[in-house]
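In the numbering used here, the protein residues as written are 29 to 428. For every residue, glycine included, the Cβ atom is placed at its ideal position computed from N, Cα and C.
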Ligand SMILES: Cc1cc2nc3c(=O)[nH]c(=O)nc-3n(C[C@H](O)[C@H](O)[C@H](O)COP(=O)(O)OP(=O)(O)OC[C@H]3O[C@@H](n4cnc5c(N)ncnc54)[C@H](O)[C@@H]3O)c2cc1C
C-alpha cells in the first residue's frame, strides 16, 4: 500500500479512533506538548459515542430519534483542545511506510496511536449476525430499541397469555445489563397501550456467568436478575440462530421475538490484519510502556491492546476504565518519546466495577467492598453522567 498523495505530511501524531482512549490520548498529548506535537484524530463518525450507556435500551426506546446524549459531536468534545479532527474510515495501516489508508485518502504519521476499540465476535455461529441485534454500536442499540418497541406494541393484540420472548446471548456484564434493563423497563409506558411485559432469558453459554468478576458481585447480580424475573440459562452454548429460533448445543431450541448478541468482542479487522504479535481475540500485544514491540513509534490503547500485568500475569480488562487509564500513560509516553526522554511503564489499578442489573439496581465491587442495590446503581449513574457531562462541555474526560 503506497498512496500517491498522502495528506498531512507534517501530522506528527495520528490518533485512530475517537472513543474513550482516542479522545483522552489526543487531548492530553496536545495539552502536554503545548501544541508542539500536532495531533490529528480520525474516526469514521464525527461523534464521540458514550458506549458504556448503550445497554440502556428502555431509556433509548423512550427517547425520540437518535439520543444526542449518547453521541456527542466531536467538535464539542475537542473544543479548545488544539486537536484537529478528520472523518474517515481506516482501511489499512502500513507500519513500514508509516501511512494510514482511509476510505477517501491517506495520512502519513511520525507517531501513531491505534485506539480503534472492538468489533462484535460471532464465533462462526451460523445466522447470529443476520438474526440478532447488538448494542456494541449506537446504530445497533437504536435498532434494538425500535425492534422491542414494535414487538411490544404488537403484543397488545396477541392471544391471552402470550408474552414477547426476548433472548439475550452472553453472560458477561453487557449481556447481564441488557437483559435486566429490558426486563425492568415499563414497556406499556414506552410503547403506549397495553403492551405485555417481555419474558427475558439470559443465555450465558458455557463460560461461567460474569466470569472473572468478584464473587460477591456475581452473587448479588444473580439475586437481582432473579428479582427482575430474568431466566438464567447456564452451561450450554448457542449453535445456530434462525429467524425466530435459536438452537443450543444440547439439541434443544428456543423461539424468540427479539434476540440480542452480547457474547463477546474481538479486535477490528483492520487491526487483526496487522503483521505484528497478537494476543487473545486479535488484540495487539503491547510493551509495558504501551507501544508495539518492534514499533516504538506506534502505541495501542484501549480495547485493541492486550496488556499483561507483569506482576500478576493477568490481562488488563477491555473496559472504558482501563482505556482511559492507559490513554493518560500513553499520552505522557508519546510526549516523552518525541522529546527523547525515557518512557514510564503503565501500572493498572482497578477502581472497581459496577454492573447495572435493572433500571434501578446494580451490583458492584469497589476496592474489594461489595456494593449493591440502589446505592450501587446511583453510584454507577453518577460516574457515567460525570463523564458524559465533561465531554459535552469539551473538558478533559474524567476516569470511569
Ligand atoms: C453496553 C456496554 C456497556 C459497557 N459498560 C462499561 C462500563 O460500565 N464500564 C467500563 O469501563 N466499560 C464498559 N464497557 C466497555 C467500554 O465501552 C469499552 O471498553 C470502551 O468503549 C473501549 O474504549 P476504546 O477507546 O478502546 O474503544 P471505543 O470507545 O469503542 O472507540 C473506538 C472508536 O474507533 C472508531 N473506529 C473503529 N473502527 C474504525 C475504523 N475502521 N475507521 C475509523 N474509525 C473506527 C469507532 O467509531 C470508535 O469511535 C461497555 C461496553 C458496552 C458495549
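- Across the structure, residue 342 and residue 223 are spaced so that their CA atoms are roughly 46 Å apart.
- Shown here for residue 56: same chain residues with a beta carbon closer than 8 Å to its own, the five before and five after excluded, namely 355, 356, 359, 360 and 424 in chain order.
- The closest heavy atom of ligand 1 lies less than 7 Å from the beta carbon of residue 45.
- Comparing C-alpha distances from residue 111 to each of 156, 207 and 64 shows the shortest one belongs to 64.
- Around the beta carbon of residue 177, 16 or more other beta carbons sit within 10 angstroms, so the residue counts as buried.
- Rounded to the nearest whole angstrom, the C-alpha separation of residue 326 and residue 216 is 51 Å.
- For residue 214, the number of other beta carbons within 10 angstroms of its own is below 16, and it is reported as exposed.
- In the DSSP assignment, residue 289 is bridged to 197.
- In the structure shown, the three-state DSSP call for residue 192 is coil.
- Judged by their CB atoms, residue 427 and residue 353 are nearer to each other than the 8 Å cut-off.
- In the structure shown, residue 40 adopts coil according to DSSP, grouped into three states.
- For residue 275, the uninterrupted beta strand (DSSP E) segment begins and ends at 273-276.
- Residue 400 is bridged by DSSP to 391.
- Distances from the alpha-carbon of residue 393 to those of 277, 249 and 317 put 249 closest.
- Residue range 133-136 is occupied by the beta strand (DSSP E) that includes residue 136, with no alpha helix (DSSP H) assigned at that position.
- Secondary structure of residue 419 (DSSP, three-state): helix.
- The C-beta separation of residue 233 from residue 185 comes to about 34 Å, leaving the pair out of contact by the 8 Å criterion.
- Here the distance from the Cβ of residue 146 to the nearest heavy atom of ligand 1 is below 7 Å.
- The residue from 397, 340 and 404 with its alpha-carbon nearest to that of residue 375 is 340.
- DSSP assignment within the region 152-232 yields the following whole beta strand (DSSP E) runs of 3 residues or more, N-terminal first: 193-197.
- In the DSSP annotation of this structure, the continuous segment of the beta strand (DSSP E) that includes residue 282 starts and ends at 281-283.
- Assignment of residue 412 by DSSP, reduced to helix, strand and coil, places it in the helix class.
- Pairing residue 196 with residue 230 gives a Cβ-Cβ distance under 8 Å.
- In the DSSP annotation of this structure, the continuous segment of the beta strand (DSSP E) that includes residue 380 starts and ends at 380-384.
- Taking a C-beta distance under 8 Å as the contact criterion, residue 102 and residue 66 do not qualify as a contact pair.
- Residue 139 is bridged by DSSP to 41.
- Judged by their CB atoms, residue 211 and residue 149 are not nearer to each other than the 8 Å cut-off.
- Boundaries of the alpha helix (DSSP H) harbouring residue 255: 243-255, taken from the DSSP string.
- Taking residue 159 as the centre and dropping the five residues before and after it, the same chain places the C-beta of 269, 270, 271 and 287 closer than 7 Å to its C-beta, in chain order.
- Per DSSP, the beta bridge partners of residue 122 are 127.
- In terms of Cβ geometry, residue 133 and residue 70 do not form a close pair [threshold 8 Å].
- With distances taken between CA atoms, residue 294 lies nearest to 308 out of 303, 308 and 218.
- Closer than 7 Å to some heavy atom of ligand 1: that does not describe the Cβ of residue 414.
- Looking at 52, 175 and 118, the one whose alpha-carbon comes closest to that of residue 301 is 118.
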